[in-house]
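Worksheet for the structure shown next.
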Amino acid sequence: MQLIHLNRPVPGEPPADIARTYVFLANLAAQEASGDPAASVSIDSVLTRLGGSAESDAVLLALVDDELTPVVAALGPWGLPMVPSTVRPGDEDRALEVAGLCHIAIPLLEDLDTLDVDVVFDAAYLPLPGERIGADALDVERRLLDAAGDIARSLGRRSIHYWVDRHENLPEGYDPAVEVHQVRIDIPAATPLIDAYPPRIDVSTAIVDNYGGDTSAAHSIAELLTRASADAYLGALPAEPICWTPQRLVDAAARLGDRCQEQFLATVIDDGQAVAACEFTYQRPDPANPTVAELGVVAVARTHRGRGLARHVLAAGIAELRRRHPSIVALYGSYAAGDAASVALLAPYRPRLLATCLGLVGTVAPVEPRVN
1 MQLIHLNRPV PGEPPADIAR TYVFLANLAA QEASGDPAAS VSIDSVLTRL
51 GGSAESDAVL LALVDDELTP VVAALGPWGL PMVPSTVRPG DEDRALEVAG
101 LCHIAIPLLE DLDTLDVDVV FDAAYLPLPG ERIGADALDV ERRLLDAAGD
151 IARSLGRRSI HYWVDRHENL PEGYDPAVEV HQVRIDIPAA TPLIDAYPPR
201 IDVSTAIVDN YGGDTSAAHS IAELLTRASA DAYLGALPAE PICWTPQRLV
251 DAAARLGDRC QEQFLATVID DGQAVAACEF TYQRPDPANP TVAELGVVAV
301 ARTHRGRGLA RHVLAAGIAE LRRRHPSIVA LYGSYAAGDA ASVALLAPYR
351 PRLLATCLGL VGTVAPVEPR VN
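Residue numbers for the sequence shown follow full-length UniProt numbering, beginning at 1 and rising by one.
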């Protein structure tokens, strides 16, 4: 087996076969874990992340079978052969036998000691329903995690956050920190609840597109999202709160556009300030994912809590989703086990549990000094 590193995408070029393979395997794993055929990630989203931004960078590694045809290519910054993630029409696009791939997210503004890692396996290594992960898959995982550890060490990162969908045969050196439940809400059944949750104070409701970074409420939206990040329940998972600013809202909206995604906030406005918000994101009408949306942060200013605003903005946002795109029939959400507030907020919508994943934390051992 040989480790390789996918190069940054070239704007305008179509994705290479190995990039499409990653998307296929990531979607296969998500659908197997959740039992939901709509669970998916888009190739546009993956390539945008590999392109990097001021907020985060990304690395995609692959472990390939090189027994017959080893990959011969220039070495990248971590000493691994570099292969294209996009190809020009007419250029050779070599098909590789992939055992597994490792996506590494590198935060650049917060969590500067951390890398976020996700591993996907070729279908041949996936356990059948009800079976435990096999020894061959564990070996693939170990080799990819070791490579991620080398990258973390070279960047001066001291910990790795790694997400798995199992509770047994965990990788050595990784400890459970938080359990996260992923759920699905049926939107048609939920829509009538909009009338059941009016705000209990005299305020207005507004729908704000693309984070509202260019609106008069931008500063209050940024403050609201910053507070929500600080208050988020993450179990024992160490994470710094995201510090939002109006410019960061604008930048985040631009990245969503690059990924062919749209986003809006259902907000409550009091005296010109956003005091509650609920985030919804969805892929632009696209054959790959036309029927689902993602529920993001639900935030209420501390001065306005206890007045039914969280349930109101959630219901208002669901109604807006149905108005904009009647084809969207399901809403995905997630919350940490033990997050009683999220459980109570979503309970009236009868969410269906799709999967439970475990957030692990691994400590990166420092480089041992040489002894002469």
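Note that CB positions come from ideal geometry on N, CA and C, so glycine has one too.
Supposed contact pair residue j and residue i - C-beta distance, whole angstroms, cut 8 angstroms
i, j, result
"residue 322", "residue 187", "6 angstroms"
"residue 104", "residue 151", "6 angstroms"
"residue 375", "residue 211", "There is no way to answer for residue 375, as the model of the chain reaches only from 1 to 372."
"residue 179", "residue 235", "7 angstroms"
"residue 338", "residue 233", "7 angstroms"
"residue 375", "residue 297", "For residue 375 there is no data in the structure shown, the boundaries of the chain being 1 and 372."
"residue 154", "residue 78", "7 angstroms"
"residue 57", "residue 106", "4 angstroms"
"residue 55", "residue 251", "7 angstroms"
"residue 217", "residue 273", "7 angstroms"
"residue 271", "residue 304", "Residue 271 to residue 304, Cβ: 11 angstroms. No contact."
Beta-carbon gap between residue i and residue j smaller than 7 angstroms
i, j, result
"residue 317", "residue 266", "yes"
"residue 80", "residue 6", "no"
"residue 183", "residue 70", "no"
"residue 113", "residue 17", "no"
"residue 117", "residue 160", "yes"
"residue 224", "residue 299", "yes"
"residue 330", "residue 237", "no"
"residue 66", "residue 2", "yes"
Start-to-end residues for the beta strand (DSSP E) that takes in residue i
i, result
"residue 302", "Residue 302 -> no beta strand (DSSP E), and no H or E assigned at all."
"residue 331", "330 to 336"
"residue 95", "Where residue 95 is concerned, there is no enclosing beta strand (DSSP E), given that its DSSP letter is neither H nor E."
"residue 205", "204 to 209"
Spatial neighbours of residue i in its chain, beta-carbon cut-off 7 angstroms, leaving aside the 5 residues before and after
i, result
"residue 142", "171"
"residue 239", "111"
"residue 258", "48"
"residue 144", "61, 63, 100, 102, 119"
"residue 353", "181, 183"
"residue 136", "125"
"residue 291", "38, 327, 328, 329, 330"
"residue 255", "48, 53"
Enclosing alpha helix (DSSP H) for residue i [first to last residue]
i, result
"residue 147", "135 to 154"
"residue 352", "Segment 352 to 363 is the beta strand (DSSP E) holding residue 352; no alpha helix (DSSP H) there."
"residue 224", "218 to 231"
"residue 159", "Per DSSP, residue 159 belongs to no alpha helix (DSSP H); it is in the beta strand (DSSP E), 159 to 164."
"residue 343", "340 to 346"
Proximal residues to residue i (C-beta, below 6 angstroms), its chain only, five neighbours per side dropped
i, result
"residue 88", "13"
"residue 122", "98, 99"
"residue 22", "101"
"residue 158", "113, 364"
"residue 230", "241"
"residue 9", "47, 50, 51, 85, 86"
Residues near residue i by beta carbon distance below 8 angstroms, same chain, minus five either side
i, result
"residue 173", "362, 363"
"residue 75", "81, 82"
"residue 226", "241, 242, 243, 244"
Checklist entry - Can you list the alpha helix (DSSP H) stretches of 4 or more residues lying completely in the stretch 235 to 323, in chain order? => result 246 to 258
Item to check | Completely contained beta strand (DSSP E) runs for the stretch 99 to 136, where each covers 3 or more residues | outcome: 114 to 121
Checklist entry - Which ranges does the beta strand (DSSP E) cover as unbroken runs of at least 3 residues, wholly within the stretch 7 to 87, from first to last along the chain? => result 56 to 64
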